[in-house]
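Asks: Sharing a structure, written as structure tokens. Questions coming.
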Amino acid sequence: MSQQETHGFQTEVKQLLHLMIHSLYSNKEIFLRELVSNAADAADKLRYLALTDDALYEGDGELRVRVSADKEKGTVTISDNGIGMTRDGVIEHLGTIAKSGTKEFFNNLSGEASKDSQLIGQFGVGFYSAFIVAKKVVVRTRAAGHAVNEAVLWESEGEGSFNVETVTKNTRGTEITLHLRDEETEFADDFRLRSIISKYSDHISIPVEMFEAGQPESEGEDGEKIAATEGSWKPMNKATALWTRNKSDITDEEYQEFYKHISHDYADALKWSHNRVEGKQEYTSLLYIPAKAPWDLFNRDHKHGLKLFVQRVFVMDDAEQFMPTYLRFVKGLIDSKDLPLNVSREILQDNQITKNLRQALTKRVLGMLEKIAQNDPETYQSFWAEFGQVLKEGPAEDFANKERIAGLLRFASTHDNSAATTVSLDAYIERMKEGQDKIYYIVADSHDAAVNSPHLELLRKKGIEVILMSERIDEWLINHLTEFKDKKLHSVTKGDLELGSLEDEADKEAQEKVAEEAKALVERIKTALADKVSDVKVTSRLTDTPACVVTGEGEMSTQMIKLMQAAGQPVPESKPTFEINPTHPLVERLNNEADEELFADWSNLLLQQALLSEKGSLSDPSAFIKLTNQMLMASFK
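So this is what it looks like as structure tokens:
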């Protein structure tokens with residue numbers, strides 16, 4: 001008995017369909033690419049499952065996709081004999097968007113058509129692209145291995161709901177019929193459909209067929225009758241897996257269309273690498289670096305990895321075992337001859353072949369990035385703006401390639417205080433002053449905080465470049481990247497500022513003299529701030545600021561403490577080292593203060609200022625304001 005039900009679309013689907021129907025896409029023909037791509041995926045899934053259950057083929061192992069049009073009815077139909085769907089599968093896949101972070105995605109929509117179109121392209125919409133051109137969509141599907149009377153009819157006009165009904169379908173697979181809007185009937189033309197298939201689907205490894213009408217009976221020039229011929233389905237694409245073809249036979253346009261097919265991205269890829277490896281291990285890889293970051297790149301549930309084929313048979317999507325997490329933006333596939341066809345994710349995890357392939361593919365991607373950085377710095381800067389924060393995860397994750405990854409990192413620096421201008425560690429080393437043996441850096445809450453940090457004063461005066469770090473990942477990075485090309489990375493906010501041979505004898509003597517003369521002052525401040533600081537010293541790093549706080553060499557930095565606190569982790573209690581600049585007028589005024597109570601207040605005020613400058617916040621801002629006002633009032637008397 002037929003079971004007909006009406007279901008409401010998930011809220012997010014309603015929003016998406018609204019955007020579709022109002023033509024966000026300027027390139028409407030992509031609906032056919034998406035639907036043909038889905039049909040090809042369904043065929044791939046059936047081929048894989050049939051490896052262990054040949055009965056799923058139901059006597060028809062010739063997999064294909066068929067496209068047809070009816071001009072009079074204004075319809076386009078895409079059908080396949082792939083895996084098909086059950087009733088539950090239809091309701092789940094055609095009524096909801098089963099993606100984590102979906103709400104976040106819709107919150108990011110701006111209302112500006114061009115920007116939102118690009119964002120939706122990154123989100124990937126597949127089946128729902130049908131509503132770009134259709135006023136109604138009808139789907140008939142039967143899952144392979146299920147009875148002919150267990151097929152499902154799905155129907156919707158792309159508004160609030162869809163109908164689902166149990167029907168009979170003799171063949172397995174899915175048939176999608178699009179009832180075109182009046183203004184979109186150009187797509188009901190066979191020639192138009194052929195050109196779209198040729199443009200977008202040439203790389204698909206199964207035939208994408210269209211019906212060619214036969215010839216009626218006719219008479220030849222010599223009067224002899226020529227028999228009529230029947231029409232037949234003929235492939236419109238090469239039907240050869242693109243990665244199996246010779247590189248010299250593949251155009252850039254074909255590579256780009258294949259990228260869009262496997263990534264569901266609507267923008268062209270930035271770079272790709274196509275390689276066939278023979279010898280101890282035999283495999284083919286086709287790897288792409290996208291131009292734009294996906295909207296959910298930092299979502300914890302973001303799926304990543306390569307499509308895995310074994311001897312040209314599709315095995316799985318998102319095989320993350322072949323690519324480290326810090327390269328999760330890479331798209332593409334690997335086709336291995338050495339893995340078993342029934343390989344599972346669990347087997348891949350501990351497989352030596354997998355580990356060898358992962359190492360080889362990682363080096364391939366790093367090599368691609370190195371070539372871009374060397375040959376096209378402007379393009380690399382564009383890549384860095386999109387994926388730099390992800391690449392910074394690399395030194396902690398991939399010890400074997402730490403040096404190569406470090407060479408790909410880019411940072412702002414005091415060479416050019418702009419946040420938009422970045423330098424490599426190699427460029428920094430090339431500009432190092434004679435006698436400099438360290439790479440100096442600072443980590444701060446923001447770029448402006450780093451640029452204006454008092455810790456840079458002496459280094460600026462001496463013309464020493466400092467790397468400026470202000471992203472949340474930077475503190476984590478620097479804990480794992482302690483040196484580069486035998487040059488230690490040294491924080492200007494931790495421990496003593498060691499300038500080595502960059503500090504001449506005259507500077508040292510002057511500093512020692514100042515420190516000697518300030519001994520009594522240092523002891524008084526230590527007494528006044530006894531419970532608030534671990535030590536008080538005369539600074540060697542300040543020229544224009546009265547005081548600063550410094551973290552001990554082996555202690556947790558201010559930024560790391562913030563990261564741990566934000567993550568709800570306990571942090572060890574620590575007190576900073578307080579460094580004073582005795583040549584600054586405020587410190588000279590402090591030194592001349594005879595009233596010990598006022599001296600303690602002034603010392604505390606300078607400490608609070610230094611903490612505010614270093615941390616960007618205070619544990620008790622009200623107390624600080626009260627003390628500041630109190631000292632200001634006292635100065636007016």
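The opening position of the sequence shown corresponds to residue 1 in the UniProt record's numbering, with each subsequent residue numbered one higher.
From the three backbone atoms N, C-alpha and C, an ideal C-beta is built for every residue, glycine too.
#1: In three-state DSSP terms, what is Glu175?
#2: Please identify the residue among Val148, Thr166, Phe309, Glu184 whose C-alpha is closest to the C-alpha of Ala130.
#3: Of the choices Lys392, Leu193, Leu586, whose alpha-carbon is the least far from that of Asp29?
#4: Considering only C-alpha positions, which residue in the set Ala39, Tyr57, Asn38 is nearest to Arg47?
#5: Check the C-beta distance from Ser205 over to Ala241 and give it rounded, since I have them as a contact under 8 Å.
#6: Whole-angstrom Cβ separation of Glu614 and Val533, contact assumed at under 8 Å?
#7: For the beta strand (DSSP E) that Tyr48 lies in, which residues bound it at each end?
#8: Mark residue 639 as exposed unless 16 or more other C-beta atoms lie within 10 angstroms of its C-beta, in which case mark it buried.
#9: From this set, Tyr266, Glu157, Lys537, which residue's C-alpha is nearest Pro576's C-alpha?
#10: Could you check what DSSP says for Pro216 in three-state terms: helix, strand or coil?
#11: Compute the beta-carbon to beta-carbon distance between Ala360 and Phe329, rounded to the nearest angstrom, for a pair I have assumed lies under 8 Å.
#12: Could you give the distance in angstroms between the alpha-carbon of Gly59 and the alpha-carbon of Leu49?
#13: Roughly how far, in whole angstroms, is the beta-carbon of Ile176 from the beta-carbon of Leu35, given that I think they are within contact range, below 8 Å?
#14: Roughly how many angstroms lie between the CA atoms of Glu517 and Gln511, to the nearest whole one?
#15: If you follow the alpha helix (DSSP H) that residue 666 is part of, which residue opens it and which one closes it?
#16: Could you pull out every residue in the same chain whose Cβ sits closer than 6 Å to the Cβ of Asn342, ignoring the five residues on either side in sequence?
#17: Applying the criterion that 16 or more other CB atoms from any shown protein chain within 10 Å of the CB defines a buried residue, is Met633 buried or exposed?
#18: Which complete beta strand (DSSP E) runs does the stretch 458–538 hold, if anything under 3 residues is left out?
#19: Any idea what DSSP makes of Ala444, helix, strand or coil?
#20: Assuming Ala147 and Asp80 are in contact, meaning their beta carbons sit under 8 Å apart, how far apart are those beta carbons, in whole angstroms?
#21: Cutting at 7 Å between CB atoms, please list the residues of its own chain near Asn149, excluding the five before and the five after it.
#22: For Arg192, does the three-state DSSP call read helix, strand or coil?
#23: Helix, strand or coil for Phe314, going by three-state DSSP, please let me know.
#24: At which residue ranges does the stretch 324–355 contain complete alpha helix (DSSP H) runs of 4 or more residues, listed in the order of the chain?
#25: Per DSSP, Ala239 is paired with what?
#26: Spell out the partners DSSP gives Val277 in its beta bridges.
#27: Is the CB-CB distance between Leu489 and Ile478 below 8 Å?
#28: Would DSSP call Met368 helix, strand or coil?
#29: Measuring CB atoms only, is the stretch 409–421 touching the stretch 313–327, in the sense that at least three cross pairs come out at less than 8 Å?
#30: Between Asp544, Thr539, Gln436, Asp535, which lies nearest to Asp504 when the distance is taken from Cα to Cα?
#31: If you compare alpha carbons, which of Gly158, Thr171, Leu366, Pro235 is closest to Phe9?
#32: Taking the alpha helix (DSSP H) that Asp70 falls in, what are its first and last residues?
#33: Whose C-beta lies closer than 6 Å to the C-beta of Glu579 among residues of the same chain, with five residues either side of it excluded?
#34: Can you name, in chain order, every residue of its own chain whose Cβ lies under 8 Å from the Cβ of Ala69, other than the five neighbours on each side?
#35: Assuming Gln389 contacts Glu471 under a Cβ cut-off of 8 Å, what Cβ separation, rounded to an integer in Å, is found between them?
#36: Give me the Cβ distance between Thr493 and His455, rounded to the nearest whole Å; I'm assuming they're in contact under 8 Å.
Replies: Working from what's here:
#1: strand
#2: Glu184
#3: The sequence shown places Glu at residue 29, rather than the Asp named in the question. It is Leu193.
#4: Tyr57
#5: 4 Å
#6: Wrong, their Cβ atoms sit about 13 Å apart, outside the cutoff.
#7: Tyr48 -> not in any beta strand (DSSP E); alpha helix (DSSP H) instead, spanning 30–49.
#8: The structure shown does not extend to residue 639, since the chain is modelled only from 1 through 637, so no value can be given for it.
#9: Lys537
#10: coil
#11: The pair is not a contact, with the Cβ atoms about 19 Å apart (cut-off 8 Å).
#12: 15 Å
#13: 6 Å
#14: 10 Å
#15: With the chain running from 1 to 637 in the structure shown, residue 666 is simply not present.
#16: none
#17: exposed
#18: 467–469, 487–491, 535–538
#19: coil
#20: Actually they are not in contact, since the Cβ atoms of Ala147 and Asp80 sit about 19 Å apart, beyond 8 Å.
#21: Thr168
#22: helix
#23: strand
#24: 345–349
#25: DSSP, once it has assigned bridges, lists no residue as partnering Ala239.
#26: Tyr283
#27: yes
#28: helix
#29: no
#30: Gln436
#31: Gly158
#32: Unbroken run through Asp70 is the beta strand (DSSP E), 65–70; no alpha helix (DSSP H).
#33: Lys537, Thr539, Cys548, Val550
#34: Thr75, Val76, Thr77, Phe187, Ala188, Asp189, Asp190, Leu193
#35: 6 Å
#36: 5 Å
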